[in-house]
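Since the structure comes first, as structure tokens, the remarks are kept for the end.
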Amino acid sequence: MSTLPTRSLGRLEVSAVGFGAMVLSPGVYGEVDDERGLAALRHAFDHGAAFVDTSDGYGVDGHNERLVGRALRGRRDEVAVATKFGFNLPDGVEPHPFPVGFAFGELAVNCDPRHVRGYAEASLRNLGTDVIDLYYPHFPDPQVPIEDTAGAVGDLVSDGLVRYFGLSNVTAGQLRRAHAVHPVQAVQTEWSMWRPVDPELLAAARELGVGLVTWSPLGAGFLTGTVDRIEDGDFRKNNPRFDDANLAANRDSYAAVREIAEDVGVSPGQLALAWLLHRGPDVVPIPGSRTPAHIEENLAAARVELSADVLARVDGALAGVAASGGTLLG
Ligand SMILES: NC(=O)c1ccc[n+]([C@@H]2O[C@H](COP(=O)([O-])OP(=O)(O)OC[C@H]3O[C@@H](n4cnc5c(N)ncnc54)[C@H](OP(=O)(O)O)[C@@H]3O)[C@@H](O)[C@H]2O)c1
């Protein structure tokens with residue numbers, strides 16, 4: 001067992017680098033089965049990932065949460081568990097369309113407060129635990145005032161089912177409105193070297209003392225410099241940034257960043273994670289991986305120190321590029 005430096009997401013203490021479990025359900029990024037998924041989670045926990053991210057919507061019927069629950073057996077106290085709701089709709093729950101930029105064009109969500117307790121009870125069962133450390137609506141529901149969803153999570157906190165409230169994929173305005181009802185500890189947003197953060201969201205989070213959990217911090221693998229093409233059956237086939245032409249253009253655009261990693265003596269993925277960690281002490285990336293060596297490499301980024309000169313070089317290289325292909329949100 002090793003430990004990593006810690007960071008605070010509002011009042012929740014977590015390891016500086018967490019572990020995103022989404023890739024451990026079939027149909028995400030490449031082949032995986034439960035044996036490999038469990039081994040990956042255990043490897044991450046053994047190497048200091050004290051923060052795991054899942055969702056009721058990853059995999060079929062809570063698959064991802066159940067896998068995380070199996071890996072947590074006997075070691076629940078070592079790891080802060082974050083999960084999300086409103087993205088796996090049981091029979092009888094009306095789907096509310098949430099528009100997205102690629103893949104299905106829209107997702108189905110429902111964050112009506114009448115359903116939130118049922119979601120939490122299902123996630124607790126899947127995870128095999130009696131409390132969720134950080135609980136987010138996966139996407140804000142366009143048909144439900146975010147204040148109502150916040151109130152429902154506040155009730156779960158009062159009743160001891162949830163420790164802290166988080167928000168995922170929200171705007172600054174939605175963060176402010178929800179926070180006024182129940183204090184938010186973390187916002188989860190896509191932020192990486194190829195996906196700039198929404199500056200208004202960042203400013204609002206900092207003003208309110210809300211931490212930032214960055215999803216796809218490795219650009220869904222792109223920023224590791226190891227993705228040459230996407231195989232059939234890999235969800236990234238839906239992502240225009242990974243189509244053959246855009247992927248080739250993006251690899252060229254980010255060559256300068258990979259060169260900096262080489263000069264510094266870290267992998268491109270470690271530079272991507274360390275760069276995020278150097279954006280501020282309130283930033284916590286949650287890279288995902290099925291591969292033990294990758295997991296160790298990613299967690300080791302928590303200890304990578306980048307000098308002001310290196311950071312300036314990276315920012316200079318990034319200022320000159322814009323990734324080709326759209327993003328899921330905005
Ligand atoms: N809130 C939201 O809407 C939202 C959306 C997307 C994701 N998320 C969260 O964010 C987490 C991470 O995002 P993500 O999985 O999309 O993307 P990511 O962490 O940026 O990238 C994961 C991909 O990178 C590869 N990889 C990881 N480490 C590597 C390394 N050191 N060298 C080479 N390849 C490496 C993995 O392949 P291998 O398995 O082969 O290592 C996998 O294909 C998810 O698990 C999920 O919890 C949240």
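Under full-length UniProt numbering, the first residue of the sequence shown is numbered 1, with each subsequent residue one higher. We put the CB at the ideal spot given by N, CA and C, even for glycine. Since the model is a prediction, treat every value here as computed from it, not as a measurement.
The criterion of a C-beta distance shorter than 9 Å is satisfied by Arg7 and Val284. Spatial neighbours of His179 in its own chain (CB-CB distance under 6 Å, excluding positions within 5 residues in sequence) are listed in chain order as Leu208.
Taking the CA atoms as reference points, Gly37 sits about 7 Å from Leu67. Here His115 has Val93 as same chain residues with Cβ atoms under 7 Å from its own Cβ, once five neighbours each way along the sequence are excluded. DSSP, reduced to helix, strand and coil, places Thr224 within a helical segment of the structure shown. Assignment of alpha helix (DSSP H) within the region 199-245, counting only whole runs of 4 or more residues, yields 199-208 in chain order.
If the five residues before and after Leu218 are omitted, its C-beta is found closer than 6 Å to the C-beta atoms of Thr224, Gly269, Ala272, Pro287, all from its own chain and listed in chain order. Out of Asp155, Val310, Leu299, Glu305, the CA that lies nearest to the CA of Asp46 is found in Leu299.
The three-state reading of DSSP puts Thr149 in helix, counting H, G and I together. A straight-line Cα-Cα distance of about 31 Å links Gly221 and Thr129. Between the region 149-157 and the region 96-104 there are fewer than three inter-stretch CB-CB distances shorter than 8 Å, so the stretches are not counted as touching. The beta-carbon distance between Phe165 and Tyr135, rounded to whole angstroms, is 6 Å. This is short enough to meet the 8 Å contact definition.
Within the same chain, and ignoring the five residues on either side of Val227 in sequence, the residues whose Cβ sits closer than 6 Å to its Cβ are Gly221. Across the set Thr3, Leu12, Leu4, Ser2, the C-alpha of Leu12 shows the shortest separation from the C-alpha of Asp282. Within the DSSP bridge table, the entry for Asp91 names no partner.
Counted as a single uninterrupted DSSP element, the stretch harbouring Glu106 is not any alpha helix (DSSP H) but the beta strand (DSSP E) occupying residues 106-109. In this structure, DSSP gives Leu306 a state outside helix and strand, which the three-state scheme calls coil.
With a cutoff of 9 Å on beta-carbon distance, Gln188 and Ile146 are scored as not near each other.
Closest option to Asn64, judged by alpha-carbon separation, among Arg241, Gly151, Thr54, Arg73: Thr54. Listed in chain order, the non-local C-beta contacts of Asp34 below 7 Å within the same chain comprise Leu67, local neighbours out to five positions each way being set aside. Across the structure, Ala274 and Ala293 are spaced so that their CA atoms are roughly 17 Å apart.
In the structure shown, Arg177 adopts helical secondary structure according to DSSP, grouped into three states.
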